[in-house]
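Student: Sequence positions in the sequence shown follow UniProt numbering and run 1 to 99. Below are the structure tokens for one structure; questions will follow.
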Amino acid sequence: MFFGAGYAVNCFESAEQFLGAGAPNPSSLIISDLQMGGISGLELIRTLRGRGDATPVILLTAFATPAIRTFAARSGVSRIFEKPFKTSELLEIVLEIVG
């Protein structure tokens, strides 16, 4: 979907793999699931923000509780996308955020 829209994409198996990869080319946007094996999407965001990384984040989840929404708002999450969603809607938001 993103390749077809002309975006360069880096995919990672886990939050740990992403964090361990370093950032030779800073990301314009991070799209992360909330619930992953190992580090959760929320912990990934905490870690990034703790490092001073303000990269925009889209958080994907089927579990958008009020507590998660509050954390996301305080952490600068650009958007929470609730599953299921249309890929065209996600692509529109990506375009809004990164152009």
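Heads up, the beta-carbon is just placed ideally off N, CA and C, and yes, glycines get one too.
From this set, E13, R79, G52, which residue's C-alpha is nearest V94's C-alpha?
Tutor: The shortest C-alpha separation from V94 is found at R79.
Student: For I58 versus L19, is the C-beta spacing smaller than 9 Å?
Tutor: Going by C-beta atoms, I58 is not nearer than 9 Å to L19.
Student: Evaluate S32 with the Cβ neighbour count: other Cβ atoms within 10 Å of its Cβ, from every protein chain shown; 16 or more gives buried, anything less gives exposed.
Tutor: Flag for S32 reads buried.
Student: Based on the DSSP output, what are the partners of S40 in its beta bridges?
Tutor: DSSP, once it has assigned bridges, lists no residue as partnering S40.
Student: Would you mind reading off the limits of the alpha helix (DSSP H) that contains L19?
Tutor: Its alpha helix (DSSP H) spans residues 15 to 20.
Student: Return the Cβ separation of T61 and K83 in integer angstroms, given the expectation that the two are a contact with Cβ distance under 8 Å.
Tutor: 7 Å between Cβ atoms; contact.
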